[in-house]
Amino acid sequence: MAFTNIIMKGTHLGEFEELVLLIVGILNGDAYGISILTEIEEKTGRKVTVSTIHTALYRLEEKEYVTSQVGGASKARGGRSKRLYEITSAGRQALEISRDVRENLWNLMPGK
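This is how it looks when you write it as structure tokens:
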């Protein structure tokens, strides 16, 4: 199956966007900038900044792969609220397509 026909222009996931989207899905409704940063650093050993994560989240929201809402304020955050992100069905589908494309390419690698 040719997956390039499925991925519409402007909806392609970059490598970092894919990573952020996976973490948003894993955190299952409890994803916000710092929680995503912590998970990325713990799971991958990769150092990232909050601004880089927010940029990816904005792009993912524009593509309709995540939705967000403002959560309640907390004392730990000095009375400020945090923006919580959730993966959408389109986001899940984009991840599945990305995984399938990678698996198909890996299966073509000589010497398996």
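Residues 9 to 120 (our numbering) are what the sequence shown spells out, left to right. All residues carry an ideal CB built from backbone N, CA and C; glycine is no exception. Quick caveat: nothing in here was measured; it's all calculated off a predicted structure.
In the DSSP assignment, residue 89 falls outside any alpha helix (DSSP H) and carries neither an H nor an E. When the five nearest sequence neighbours on each side are left out, no beta carbon in the same chain lies closer than 7 Å to the beta carbon of residue 20. With fewer than 16 other Cβ atoms from the protein chains shown falling within 10 Å of its own Cβ, residue 57 counts as exposed. Annotated as proximal: residue 37 and residue 92, with beta-carbon spacing under 8 Å.
For residue 78, the beta-bridge partners assigned by DSSP are 91.
When the five nearest sequence neighbours on each side are left out, the beta carbons in the same chain lying within less than 7 Å of the beta carbon of residue 72 are those of 96 and 98, in order along the chain. Within the same chain, Cβ atoms closer than 8 Å to the Cβ of residue 80 are found at 89, the five residues on either side in sequence being excluded.
At a Cβ-Cβ threshold of 8 Å, residue 35 and residue 47 count as neighbours.
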